[in-house]
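Here is the structure we will look at.
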Amino acid sequence: MLLIAIVDDDAKEVKTLAGYVERYFEEKGEAHIIHMYYDGVEFVRSRELYNIVFLDIRMGEMDGLDAAHFLRIVNKEAQLIFVTYMAQMAIRGYEVDAMDFVVKPIDQFSIYRVLDKALKRINDCKGATFALKTPDGIVSISSNDIYFVEVYDHDLIYHTEQGDYKVRGRLGDVRKKLDDQHFILCNRSYLVNMRHIKSVHSDYMVVNDVQVQISKSHRKEIEQRFISYLGESV
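The sequence shown: position 210 = 210 (UniProt numbering), numbered continuously.
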């Protein structure tokens, strides 16, 4: 289920945009809910974790850029699309990692274009899904949900958002399965998902509040890749 927010102080614009968005997702057969807000303050106070946000830049009490800054405090993943009469203002979207902008008056083509882009990004961020054969049965997990994979005796332990799963296997085979762009080897026994790294120190990193040791041979690569990853994620 996708959650979409439309934020604009012009009720007519909100209604028109909501109509295009509704039609788009009906054609795609995608389950969705649209919430409409008529000022930035009301939107910020909602604190809902939206997948897609359409945000008018020029509003009364709180403009769209201010609302977007508040949005990014609680939701860094939302696909943010500015809607504005002033195309030059949309350039400031880089400050809040805006995905795109649409110039008013809006039309179906421009809304469908940005929704295609947003949906692709959302699907790309879901991560690969694969099955783990555990002693208790088959478990399906997303790679995004993995904190790290640990070698334990002759087994592997997947530490995930859903819990820990012990399976038979080799860490080298796991590396081939997982997206190398997001996973990094920090020593011979730990493969870490960079999405969940909170901090990196000289000889250890913090992953979901767990300290994982960094071997000297991997330290330089980890620092370089993590800095690069943060740059791509901002």
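We put the beta carbon where it would ideally sit given N, CA and C, even for glycine.
Closest residue to residue i among the options (Cα-Cα distance)
i: residue 147; options: 184, 24, 133 and 154; result: 184
i: residue 149; options: 105, 71, 140 and 159; result: 159
i: residue 202; options: 220, 120, 191 and 196; result: 220
i: residue 39; options: 209, 59 and 186; result: 59
i: residue 189; options: 2, 182, 170 and 144; result: 170
i: residue 178; options: 145, 22 and 168; result: 145
i: residue 36; options: 135, 16, 72 and 27; result: 16
Coil, strand or helix - residue i by DSSP
i: residue 131; result: strand
i: residue 49; result: coil
i: residue 265; result: As shown, the chain starts at 1 and ends at 234. That puts residue 265 outside it, with no answer to give.
i: residue 219; result: helix
i: residue 123; result: helix
i: residue 86; result: coil
i: residue 193; result: strand
i: residue 234; result: Summary for residue 234: the model assigns pLDDT 43, below 50, so the residue's position carries little reliability, and this model does not support an answer.
Length of the line joining the Cα atoms of residue i and residue j
i: residue 226; j: residue 11; result: 44 Å
i: residue 323; j: residue 89; result: Here the chain comprises residues numbered 1 to 234, so residue 323 is not present and cannot be evaluated.
i: residue 30; j: residue 14; result: 21 Å
i: residue 20; j: residue 74; result: 27 Å
i: residue 234; j: residue 67; result: Residue confidence for residue 234 is low, a pLDDT of 43 falling below 50, so the modelled location carries little weight; the figure read from the coordinates is stated next. Going by the C-alpha atoms only, they are around 18 Å apart.
i: residue 120; j: residue 34; result: 19 Å
i: residue 97; j: residue 80; result: 7 Å
i: residue 91; j: residue 172; result: 44 Å
i: residue 54; j: residue 4; result: 8 Å
i: residue 132; j: residue 163; result: 13 Å
i: residue 228; j: residue 207; result: 18 Å
i: residue 151; j: residue 83; result: 49 Å
Range covered by the alpha helix (DSSP H) that runs through residue i
i: residue 15; result: 11-28
i: residue 72; result: 64-74
i: residue 104; result: Here residue 104 belongs to no alpha helix (DSSP H), and DSSP marks it neither H nor E.
i: residue 174; result: 171-177
Cβ-based neighbour list, residue i, same chain, cut-off 8 Å, excluding 5 preceding and 5 following
i: residue 142; result: 126, 127, 128 and 129
i: residue 175; result: 183, 185 and 191
i: residue 222; result: 184, 186, 200, 205 and 214
Chain-order list of residues whose beta-carbon lies under 7 Å from that of residue i (same chain, five-residue window excluded)
i: residue 69; result: 96
i: residue 218; result: 185, 186 and 187
Neighbourhood of residue i by C-beta, 6 Å cutoff - its chain only, sequence neighbours within 5 removed
i: residue 105; result: none
i: residue 115; result: 24
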